[in-house]
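Numbering (this note's numbering), first residue to last: 6 to 658.
From the three backbone atoms N, C-alpha and C, an ideal C-beta is built for every residue, glycine too.
What follows is one structure encoded as C-alpha cells, with my remarks underneath.
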C-alpha cells in the first residue's frame, strides 16, 4: 500500500519543489519530513493547465492522494483498514479495543472506499491537524462514543424535515450546512462529521465564487461526492486544483456549493433536490456568516473567494467588471462578502489594492469597499446593491437578501425556497419574515405606495427600479418601543411621571393635564398607542393615528425641487409639513400615522379603507398607504387636542 502514492512524475516533483521554494504552497512551521507519519505529495492531473502557483502541488501529512482514497475497504479487510488508519495517523490501535472492530467491519461491509472511511473515523481517531497533532498521545477509543455521529446526523435531518412546511416560513432555526468537503480525504461528508471535533466552527472554510458562462463550464461525475449529482466546474479547471489550493492555505474542511449543495441531475433526483433546496438555499447566507459570528469572529473558518470563477486566476482586464458573470455582478455573492475574506487564484499578474492608477483595478476595489456588511445601516443600502446584479432565477435576487434582512432564530425564521414561485410572492414572504426595523424603513421612508401585493411596502419591481441614492446614508431609525412600555411606566389614575412626559413627541406636549392623563392610561392599555400592523397582523411598532387630516400644497412636483412645503389641517390646526421626495400627494383628506418615541417626525399618509369593531378587541382601522411626509418637531407647531377615541390597532393593506 505504501507504494501506491510513490508513482509521481519527475515533472510533478519539479513543479512542487519550485513552488515550495517560492513559498507558494502551504509550508508549516515544523519540518513535516521529520514527522513519524507518511508525507503525501498531491498534484493536479497532468493535462490541467495550471497557472496559479498554489494549485501546482501540496506536500504534507494526513491529506490522502486520490489513488489511496479510492481504494475499496473490502480489498483491505478489517486488519488492512486498521493498519492504514494507524500508519497515516501515527497510531498503533488494535482490534482488541472495544467497538473498534465493529466500526471497521461496518466500513468493509457497507462497501465504503478508504477515503470515506477515513473521513468518518479521523475525528474519533486523532486530534485536529498536523500542526497541533501530538503523535505521542494515543486516544482511548473505548471511551469514544461512536454513535454520536449517527445521532448528530439524525438530529439535523429531523430539524430539516420539521422545518419544511407549506406555510410562508420554512426554516425555523439556524441550520448548519447539510454537507462539507473533507479536503484531507477528498470526500463530501455529512456535517455531523465536523461536529465531532472540539472546534467545529473554525474548521470549515467557506468558498465564494461566481458560476462562469455556460459555454465555459461543464459537469463532471466524481467520486468526491459519490457520484450523487453532476458537479458544474469551468472546463479548464479540475477540482483537484481547488483542493490543493485550499490545502495550501491551511484548510481541512470547506463548503463549496457545487459539491455540498445538491445540483440539477437526473430526473428521478429532482424531487429530492427541490426538497433540499427549500432549506439549503435560504440558509446559504448563514453558512458564510452564522448568526452568532459577530460575537467571536476569530473562531470561524475564513471565507475565501475566486472573483473570476472557480479555480480561475484573479485578473482584472478591460471588460471584466462589465461581465454579468463576474463575482461583483451576481445576486448570490452579495451575502457572501466579508471584510476579512481571502482572495484565491493569485498569480504574479493579480492586481493589488495599491494599483489604483489602473482604472479597472480602481473600479473593482471601490465597488468592493462600498458593499454592505451585516447588519446593514438600512434596508435601502442592500436593495441598492442588489439592483444591478444578475441571477439565473429572478427569485434568487429576493433570497439573496435574506441573510441581511431576516433573523433566523426570531420571530419566524427564514422563508423556504420555492424554485418556481412568482417573484412578488417570494418578496411578500420575505417582507413578512423581515426584521421589524427594516419593515419600518419601507413603511416610513419609502415615499410611494406599493404597486404589488401590499401598499405599505414597495413591490419587488419597485424595489429593483427605484432610486435609493438619497436614502443610502439614512440610518435605520430606532423603532424600539419607547419608555412607555417598559419599567418606567407607572399605572396610575391621575398625575404624570416626569420620565413619561420627557418621552412624549413634541407636538403632544401642549395637551391639557386631564387629557394627557387619560391619554397615558390609554398608552398603558394599548388604546391610545396603536398597534401598527400589516394585513397579516405582524406588528411594525406602536404609535399614533390621526384621522381627518386635510393635506394641501404637495400635489405638484416642480423640476429640481427636492423638498416641497405644504400644510396639513388636523383637529383645528394648520401645521407646516414637508415632502423630501418627488412623489405627488393629491390634495385631500388622509389618515396620518406616526410612530411612538422621540424619532417621530416622519408620518405615513394613507386612506381609510375600512373599520372593524369587535366587542373585546376594540376597533381596528384599515389604512392604505399613499405617501410619507415630515412634520418638523422643532417647528413649534403643536396639537392642542388629540382624542384617542376607541381605536386600539391599525393595519396597513
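- The beta-bridge partner set that DSSP reports for residue 635 consists of 583 and 607.
- In the structure shown, residue 435 adopts helical secondary structure according to DSSP, grouped into three states.
- Around the CB of residue 341, 16 or more other CB atoms lie within 10 Å, so the residue is classed as buried.
- The beta carbon of residue 391 sits closer than 8 Å to those of 336, 339, 402, 405, 406 and 469, all from its chain and outside the five residues before and after it, given in chain order.
- If you check the CB distance, residue 87 and residue 67 do not come in under 7 Å.
- Taking the Cα of residue 45 as reference, the smallest distance to any Cα among 255, 69 and 58 is reached at 69.
- DSSP links residue 47 through a beta bridge to 63.
- Of all alpha-carbon atoms in 89, 115, 598 and 113, the one lying nearest the alpha-carbon of residue 127 is that of 89.
- Under the DSSP assignment, residue 222 falls in the beta strand (DSSP E) whose first and last residues are 222-225.
- Residue burial annotation: residue 54 is exposed, with fewer than 16 other C-beta atoms found within 10 angstroms of its C-beta.
- Contact between the stretch 241-256 and the stretch 182-194 is established, with three or more Cβ pairs separated by less than 8 Å.
- Under the three-state reduction of DSSP, residue 80 is assigned to helix.
- Between the alpha carbons of residue 223 and residue 98 lies a distance of about 44 Å.
- Around the C-beta of residue 49, 16 or more other C-beta atoms lie within 10 Å, and the residue is accordingly described as buried.
- Annotation for residue 282: the continuous alpha helix (DSSP H) segment containing it runs 275-285.
- Beta-bridge pairing by DSSP links residue 118 to 77.
- The stretch 190-209 makes contact with the stretch 258-276, as at least three CB pairs between them are under 8 Å.
- In the displayed model, residue 390 falls within a helix according to three-state DSSP.
- The residue from 272, 420, 595 and 628 with its alpha-carbon nearest to that of residue 557 is 595.
- Counted as a single uninterrupted DSSP element, the stretch harbouring residue 195 is not any alpha helix (DSSP H) but the beta strand (DSSP E) occupying residues 192-195.
- Cβ-Cβ separation between residue 234 and residue 267: approximately 6 Å, consistent with a contact (criterion under 8 Å).
- The beta carbon of residue 477 sits closer than 7 Å to those of 385, 386 and 389, all from its chain and outside the five residues before and after it, given in chain order.
- Beta-bridge partners of residue 578 (DSSP): 575.
- The shortest C-alpha to C-alpha distance from residue 116 to any of 104, 129 and 82 is the one to 82.
- The beta carbon of residue 615 lies closer than 7 Å to those of 627 in the same chain, with the five residues before and after it left out.
- Ranked by Cα distance from residue 308, the options 436, 347 and 422 are led by 347.
- Where residue 250 is concerned, the enclosing alpha helix (DSSP H) starts and stops at 244-254.
- Bounds of the beta strand (DSSP E) holding residue 259 are 258-260.
- One Cα belongs to residue 549, the other to residue 606, and the distance between them is close to 12 Å.
- The alpha carbon of residue 591 has as its nearest neighbour, out of 579, 600, 598 and 610, the alpha carbon of 610.
- The Cβ-Cβ distance between residue 292 and residue 182 falls below 7 Å.
- Per DSSP, residue 422 lies in no alpha helix (DSSP H) and is assigned neither H nor E.
- A distance of 7 Å or more separates the beta carbons of residue 421 and residue 630.
- As the crow flies, the alpha-carbon of residue 552 is around 15 Å from that of residue 600.
- In terms of CA proximity to residue 125, 193 leads the group 193, 102 and 218.
- DSSP places residue 465 inside the alpha helix (DSSP H), whose first and last residues are 465-470.
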